[in-house]
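Q:
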Amino acid sequence: MNDKTRVLILCTGNSARSQMAEGLLRHDAGGRFEVQSAGTKPSSVRPEAIAVMKELGIDISAQRSKHVDEFEGQRFDYVITVCDNARESCPAFFGAAKRLHQSFDDPAELSGSQDERLAAFRRVRDELRTYLNGFAQTAHKSKGAIVR
Numbered sequence: 035m036n037d038k039t040r041v042l043i044l045c046t047g048n049s050a051r052s053q054m055a056e057g058l059l060r061h062d063a064g065g066r067f068e069v070q071s072a073g074t075k076p077s078s079v080r081p082e083a084i085a086v087m088k089e090l091g092i093d094i095s096a097q098r099s100k101h102v103d104e105f106e107g108q109r110f111d112y113v114i115t116v117c118d119n120a121r122e123s124c125p126a127f128f129g130a131a132k133r134l135h136q137s138f139d140d141p142a143e144l145s146g147s148q149d150e151r152l153a154a155f156r157r158v159r160d161e162l163r164t165y166l167n168g169f170a171q172t173a174h175k176s177k178g179a180i181v182r
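With our numbering applied, the sequence shown corresponds to residues 35 to 182, in that order.
(1) Rounded to whole angstroms, what's the CA-CA distance from V41 to A131? Just pull it up for me.
(2) Report buried or exposed for D111, applying the criterion of at least 16 other Cβ atoms within 10 angstroms of its Cβ.
(3) Give the range of the beta strand (DSSP E) segment to which S71 is assigned.
(4) Would you check if the stretch 147-166 and the stretch 81-91 touch, i.e. whether three or more CB-CB distances between them fall below 8 Å?
(5) Is Q53 near the ligand SAM, going by C-beta to nearest heavy atom under 6 Å?
(6) Cβ of K100 within 7 Å of Cβ of E68?
(7) On the criterion of 16 or more Cβ atoms from any shown chain inside 10 Å, does R51 qualify as buried, or is it exposed?
(8) Tell whether a beta-carbon distance below 7 Å holds between S71 and E56.
(9) Determine, using beta carbons only, whether K75 and T115 come nearer to each other than 7 Å.
(10) Please state whether DSSP places L166 in a helix, a strand or coil.
(11) With DSSP run on the structure shown, which of helix, strand or coil describes T39?
(12) Based on Cα-Cα distance, which residue from I84, Q97 and D103 lies nearest to A142?
(13) L44 and A170 look like a contact to me (Cβ under 8 Å); what is the Cβ gap, rounded to whole Å?
(14) Report the option in R98, G65, D103 and D118 whose CA atom is closest to the CA atom of S77.
(15) Using beta-carbon positions only, say whether I94 and Q53 come within less than 7 Å of one another.
This is the structure we're talking about:
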């Protein structure tokens with residue numbers, strides 16, 4: 035039996051925010067968490083997300099965008115939505131999973147130079163890391179209270 039806390043991170047496109055969050059949580063606290071990400075309208079992983087994660091030594095280039103339906107029927111301890119759209123359309127089939135929401139700007143929406151776009155991805159990546167570090171500490175402390 036797997037003792038890891040199962041986490042699903044959702045956003046709309048599963049192209050940037052949720053992909054970076056998956057990579058960050060897996061890297062920073064992966065020994066305690068089994069992490070997946072998905073989208074309500076998946077597209078493809080943004081090259082800017084891959085680039086800014088690589089700056090931290092985290093390789094997400096093998097990750098792929100997945101539709102949330104791929105996880106239907108699976109049990110998760112936590113479902114974290116990282117955009118308002120995903121929260122509103124979050125499927126009900128995650129049962130007893132504790133649902134958390136924190137909206138982050140979508141760096142993929144920014145137009146501008148490559149440097150400006152990368153700066154937006156870095157800012158969101160760093161905001162995600164701060165949020166997920168707090169989540170990991172809280173989830174670890176309450177692990178015994180999770181009903182599977």
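Ideal Cβ placement from N, Cα and C applies to all residues, glycine included.
A: Result, derived from the coordinates:
(1) 9 Å
(2) buried
(3) F67 to G73
(4) yes
(5) In the structure shown, the ligand SAM is absent, as is every other ligand, since no ligand is present at all.
(6) no
(7) buried
(8) yes
(9) no
(10) helix
(11) strand
(12) I84
(13) Actually they do not touch by this definition, with Cβ atoms about 18 Å apart.
(14) R98
(15) yes
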